[in-house]
Amino acid sequence: MSVKQAYDSDWQSKVRTRIRRSDGVIALISKNSLTSTGQKWEIQCAKDEGKPVRGIWAYSDDRTNVAGVATTVWSDKNVSDFIDSL
C-alpha cells in the first residue's frame with residue numbers, strides 16, 4: 012500500500028490479524044516514525060494486543076525515540092535476543 016493512500020479499515024483488519032498471530036513486533040524507527048500515522052497505529056495495535064514491541068533504529072545517524080518503544084541499534088544480537096525473549 013502506498014503511504015500516500017489513507018489507511019482504511021480493511022488494511023487495519025489485516026494488520027491486526029497478523030499482529031495477533033505474532034509473538035512480538037519489531038518496528039524500524041527513524042525520524043519519519045514521528046509523523047507516520049500508519050506506524051503509530053501498528054505500534055499501538057501491538058500494545059493493545061499485548062504484544063512486545065522492540066524498536067530498531069533504521070539508520071546509524073538517526074536516533075529518534077518513539078514514546079513507549081524501547082529502541083536499540085540494529086545488530087544480529089539485539090534482534091536475536093528480542094526474538095529469543097518471546
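The sequence shown lines up with residues 12 to 97 when you count with the working numbering. Cβ atoms here follow ideal geometry from the backbone N, Cα and C, with glycine treated the same way.
Using a Cβ-based criterion (distance less than 7 Å to any ligand heavy atom), does residue i qualify as near the ligand SAH?
| i | result |
| --- | --- |
| Trp85 | With respect to the ligand SAH, the structure shown offers nothing to examine, as it has no ligands at all. |
Candidates the options: which alpha carbon is nearest residue i's?
| i | options | result |
| --- | --- | --- |
| Lys51 | Val26, Phe93, Trp85 and Asn89 | Val26 |
| Ala57 | Lys42, Gly35, Thr48 and Ala69 | Gly35 |
| Asp92 | Ile37, Arg32 and Arg29 | Ile37 |
| Asp19 | Thr48, Asn43 and Ala69 | Thr48 |
| Gly79 | Val90, Gly66, Thr28 and Asp87 | Gly66 |
| Ser33 | Ile54, Asn43, Ala69 and Asp73 | Ile54 |
So, is residue i buried or exposed, given that buried needs 16 or more other C-beta atoms within 10 angstroms?
| i | result |
| --- | --- |
| Val64 | buried |
| Thr46 | exposed |
| Ser86 | exposed |
| Ser13 | Its pLDDT being 44, under 50, Ser13 is placed unreliably by the model, and nothing is read from it. |
Can you tell me the Cα-Cα spacing of residue i and residue j, whole angstroms?
| i | j | result |
| --- | --- | --- |
| Ser71 | Glu60 | 30 Å |
| Asp21 | Ile40 | 25 Å |
| Val90 | Trp68 | 11 Å |
| Ile94 | Arg31 | 16 Å |
| Val77 | Lys88 | 22 Å |
Can you tell me where the beta strand (DSSP E) with residue i in it begins and where it stops?
| i | result |
| --- | --- |
| Ile66 | According to the sequence as given, residue 66 is Gly; it is not Ile. Here the beta strand (DSSP E) through Gly66 covers Val64 to Trp68. |
| Leu39 | Val36 to Ile40 |
What residue does the alpha helix (DSSP H) around residue i start on, and which one ends it?
| i | result |
| --- | --- |
| Val80 | It is not in any alpha helix (DSSP H) - Val80 carries neither H nor E in the DSSP assignment. |
| Gly61 | No alpha helix (DSSP H) holds Gly61; DSSP gives it neither H nor E. |
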